[in-house]
Amino acid sequence: MTDTTNPTGNDATTDDVESVDSGEAEIVTPAEERLRLHEVWVSGTEERFPFSMSTDEGAQELLPRDQEPALAVQEGTLVDDDYQSTPVVDSGERQIINMGPQHPSTHGVLRLQMELEGETVRRVKPIIGYLHTGMEKTAEVLNYAQGSTNVTRMDYLAPFHNELAYSLAVEQLLGVDLPPRADAIRVLMTELNRVSSHLLWAATMGMDIGALSMMIYGWREREVCLDFFEKTTGLRMNHNYIRPGGVAADLPDGWEDDVTSLIAAVNGGVDEYEELLNENPIFLDRTLGVGVITPEECKQYGVTGPMARASGITWDLRKEMPYCGIDQYEFDVPTGIHGDVHDRYEVRIAEIRESLRIVEQVVETMPTGDYRVQDPKVTPPPRKRIDESMEALIHHFKLFTEGIRVPAGTAYQSVEGPRGEVGCYLVSKGGARPWRMHWRAPSFAAVQALPAMMTDSLVADVVATLASADPVLGDVDR
Amino acid sequence: MSDFDATVFQPEHGDEAPADAKPDSSTEALIASFPAATVEIRSYASSSVTYTAVSLPVGDWVAFAEAAKATGFDTFIDLAAVDHYTEAPRFEVALNLIDMSAKQRLIVSTRVPYDDPTVPSLTNVFAGANFYEREAYDLIGIAFPGHPDLTRILLPDEWDGHPLRKDYSIGAIPVEFKAGSVDL
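So the sequences go chain by chain: E and L. All residue numbers for the first sequence refer to our numbering, where the first residue is 4 and numbers rise by one. All residue numbers for the second sequence refer to our numbering, where the first residue is 15 and numbers rise by one.
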């Protein structure tokens, strides 16, 4: 150890390392031998292959500083990033700057590779994948009942919308019709989720462009929403509440009072935000005319949701392709004109109020009845029946060991999430597990459109533009 | 019809299309101009969703996308790839478009074999196909000739294989017991 820290003793160091390597004979313990014979199962087949213990990661140690190779240039990037270039000053020359993946304004782990000319951004390339956890592959080994715990973690700020798109896609293939109360509960929870997601967006957006009080205010009102989620589902995030066949549990006693006080609290909070920001000269300077995206670019890049509506596209899946009977409630679709950061702010604040309008109507018109479909192929028997009936016990056991069997087919179902169209492309070959589950993530399209919004803007505007796009990297990378 | 309607057939699953469900006339004309295309109307009573699913040979892929864009399906929504593994043309690529003025959704899919998993790139028709084709290349291993930057997008550049293929091993963590011997 002491030798390796000596910068002048390179020769001695390498000799020492070699001698240590050659001095240790390779000893294979019986346990390791057994592990080498272990087999792995290949998904989708019956084949088994021997498990290889070798990895290609190499030693997880830092090399001595003088042996450190130059930073590898990422292959195939559009931006020709030359890390070896000499520093340039503002003389028409260009340089490459990486923003992220650990930059505080990137809301996760997004890396923006920017080519700068002075303070002006000439080219941008978003680089993603730092949060990729293979959730679409994971979905193929989970059964349909377990699937909603998986998808709820994708867009972690809009878990109900993910669960809803997934559940509706499964229900398409199952062909079940939900009781009206289940639909109403789903509308209630997803609209409250839209409110909580937009509140978090308002908080972080304010913080990113320097209105630090917004950070505290937004989180304060969001906490009221999360308290209601916790009371209803047991969890503040990743609820696994909306499931194929209905919802996991009925609403708690006194939920009408909770929601009514929530509406008052959030409406009051939004009034405060508007008082703080609407005529704030710094806020207007940082948002007006910044990060513009045209309606044509939105359609080209698949940008949907509040961003497309801020550009003047009147398109809301709740109106055009309604789900869960959401078209029976009265609400407006706010749209902007300019497609800049400020219009996105206006649209999202208006959407909070419209969602609260829907929630008010749900409270007034909540139907009575069952909160899940009573289809024995989907729904387990009630808990008390299991104590009385052997058949109910067997039924329960079969549902939870084998899972729901879904007929073969292909389904695509999308819902209007807080960030745009959340779509689930589900392929079933029959059986208890999805064959393939592809997600149409709204943030993925938004990140793809960032260069269209950022090119030829200032570096400071990059932060405001990124904040207004509201990407959730868990949704982008899945 | 008599008043007694107990014989009215109730389909067990709601995925049969109603008799009057069909694409509007411009979509019909679009599909009719591609004789090799097969059409399926997917409709679901439970969620009041109807969309047109068209499957066509890979030779018509770009031409159909251009024609669809000219017809009004100008909003790019999604591009998904599926590995069907045991079926003969193994890979499916599905393009999802929306016509906002007619409120129609169109899902166009094509199949390519394992030997030649190649689908021409749509990046010249829809700029948004860029990231989605990179994702399909990264996870399923479908090549898109004509793509400006067909590199891995979610996985590291040096990753080996395409994980969403069905024959890609998901691996396993061997369990080591501290006492006794267990025959694995």
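All residues carry an ideal CB built from backbone N, CA and C; glycine is no exception.
Closest by C-alpha distance to residue i, when choosing among the options
{"i": "Trp222(E)", "options": "Tyr169(E), Tyr276(E), Thr263(E)", "result": "Tyr276(E)"}
{"i": "Arg408(E)", "options": "Lys302(E), Thr382(E), Pro182(E)", "result": "Thr382(E)"}
{"i": "Glu367(E)", "options": "Pro298(E), Val450(E), Asp260(E), Arg388(E)", "result": "Asp260(E)"}
{"i": "Gly342(E)", "options": "Met310(E), Gly372(E), Gln364(E), Glu323(E)", "result": "Met310(E)"}
{"i": "Val96(L)", "options": "Val122(L), Val107(L), Val68(L)", "result": "Val107(L)"}
{"i": "Leu111(L)", "options": "Arg119(L), Pro134(L), Asn138(L)", "result": "Arg119(L)"}
{"i": "Val127(E)", "options": "Tyr147(E), Ser314(E), Thr468(E)", "result": "Thr468(E)"}
{"i": "Pro170(L)", "options": "Ala142(E), Leu119(E), Tyr133(E), Leu202(E)", "result": "Tyr133(E)"}
{"i": "Val293(E)", "options": "Gly305(E), Ser314(E), Val273(E), Gln175(E)", "result": "Ser314(E)"}
{"i": "Ser40(L)", "options": "Thr52(L), Ala81(L), Thr64(L)", "result": "Ala81(L)"}
{"i": "Pro107(E)", "options": "Met210(E), Pro379(E), Thr404(E)", "result": "Met210(E)"}
{"i": "Gln175(E)", "options": "Tyr326(E), Thr235(E), Gly111(E), Ile296(E)", "result": "Tyr326(E)"}
{"i": "Thr458(E)", "options": "Glu122(E), Arg289(E), Glu349(E)", "result": "Glu122(E)"}
{"i": "Val475(E)", "options": "His135(E), Ile285(E), Gln149(E)", "result": "His135(E)"}
{"i": "Ala414(E)", "options": "Ala67(L), Ser47(L), Gly73(L)", "result": "Ala67(L)"}
{"i": "Ser183(L)", "options": "Lys140(E), Ser200(E), Thr152(E), Ser170(E)", "result": "Lys140(E)"}
{"i": "Met324(E)", "options": "Thr165(L), Trp173(L), Asp163(L), Lys117(L)", "result": "Lys117(L)"}
{"i": "Gly137(E)", "options": "Met440(E), Val112(E), Phe231(E), Arg351(E)", "result": "Met440(E)"}
Chain-ordered neighbours of residue i on chain E, where CB pairs are closer than 9 Å
{"i": "Val96(L)", "result": "Thr413, Tyr428, Val430, Trp438, Arg439, His441"}
{"i": "Ala108(L)", "result": "Thr413, Tyr415, Tyr428, His441"}
Chain L residues whose Cβ lies nearer than 9 Å to that of residue i
{"i": "Ala168(E)", "result": "What Ala168(E) touches in chain L: nothing, since even the nearest Cβ is about 11 Å away."}
{"i": "Asp2(E)", "result": "For residue 2(E) there is no data in the structure shown, the boundaries of chain E being 4 and 481."}
{"i": "Glu424(E)", "result": "Ile91, Asp92, Ile112"}
{"i": "Phe163(E)", "result": "The contacting residues do not exist; Phe163(E) stays about 16 Å from chain L at best."}
{"i": "Gln451(E)", "result": "Ala141, Gly142, Asn144, Phe145, Tyr146"}
{"i": "Ala448(E)", "result": "Phe90, Ile91, Asp92, Gly142, Phe145, Tyr146"}
Neighbour list for residue i in chain E, Cβ cutoff strictly below 7 Å
{"i": "Leu178(L)", "result": "Glu139, Lys140"}
{"i": "Ile202(L)", "result": "Limits of chain L in this structure are 15 at one end and 198 at the other, which puts residue 202(L) out of reach."}
Simplified DSSP state of residue i, which is helix, strand or coil
{"i": "Glu172(L)", "result": "coil"}
{"i": "Cys427(E)", "result": "strand"}
{"i": "Asp473(E)", "result": "coil"}
{"i": "Val68(L)", "result": "strand"}
{"i": "Met456(E)", "result": "helix"}
{"i": "Leu265(E)", "result": "helix"}
{"i": "Val482(E)", "result": "For residue 482(E) there is no data in the structure shown, the boundaries of chain E being 4 and 481."}
{"i": "Asp378(E)", "result": "coil"}
{"i": "Tyr415(E)", "result": "strand"}
{"i": "Thr152(E)", "result": "helix"}
{"i": "Ser47(L)", "result": "coil"}
{"i": "Arg56(L)", "result": "strand"}
{"i": "Val336(E)", "result": "coil"}
{"i": "Ile131(E)", "result": "coil"}
{"i": "Asn101(E)", "result": "strand"}
{"i": "Val96(L)", "result": "strand"}
{"i": "Arg126(E)", "result": "strand"}
{"i": "Val107(L)", "result": "strand"}
{"i": "His441(E)", "result": "strand"}
{"i": "Asp373(E)", "result": "coil"}
{"i": "Asp464(E)", "result": "helix"}
{"i": "Ser183(L)", "result": "strand"}
{"i": "Leu280(E)", "result": "helix"}
{"i": "Glu101(L)", "result": "coil"}
{"i": "Asp113(L)", "result": "strand"}
{"i": "Arg321(E)", "result": "helix"}
{"i": "Ile352(E)", "result": "helix"}
Beta-carbon neighbours of residue i, restricted to chain E and to distances below 8 Å
{"i": "Asp206(L)", "result": "It is not possible to answer for residue 206(L), since the shown part of chain L is limited to 15 through 198."}
{"i": "Tyr65(L)", "result": "Tyr415"}
Residue i: contacting residues in chain L (beta-carbon distance under 8 Å)
{"i": "Ile131(E)", "result": "Ile167, Leu168"}
Closer than 7 Å at the beta carbon, the chain L residues around residue i
{"i": "His135(E)", "result": "Leu168, Leu169"}
{"i": "Gln303(E)", "result": "Phe90, Phe140, Ala141, Gly142"}
{"i": "Ile323(E)", "result": "Reading the sequence as shown, one finds Glu at residue 323(E) and not Ile. Neighbours of Glu323(E) on chain L, chain order: Lys117."}
{"i": "Trp318(E)", "result": "Met114"}
Closer than 8 Å to chain C by CB, residue i
{"i": "Lys140(E)", "result": "The structure shown contains no chain C; its protein chains are E and L."}
Q. Given a limit of 7 Å on CB to CB distance, which residues of the region 136-161 of chain L reach chain E?
A. Look at the region 136-161 of chain L: the residues with a C-beta under 7 Å from a C-beta of chain E are Phe140, Ala141, Gly142, Asn144, Phe145.
**Q.** Complete runs of the alpha helix (DSSP H) confined to the region 190-236 of chain E [at least 4 residues]
**A.** As far as the region 190-236 of chain E is concerned, its whole alpha helix (DSSP H) runs of at least 4 residues are 215-236.
Q. Along the chain, which unbroken stretches of the alpha helix (DSSP H) at least 4 residues long are found entirely within the region 116-163 of chain L?
A. 143-153
(Q) So if I threshold CB-CB distances at 8 Å, which residues from the region 334-355 of chain E count as touching chain L? (A) Only those residues of the region 334-355 of chain E whose C-beta falls short of 8 Å from the nearest C-beta of chain L would be listed, and there are none.
Q.
Short of 8 Å Cβ to Cβ, which residues in the region 210-225 of chain E face chain L?
A. Flagged: no residues at all.
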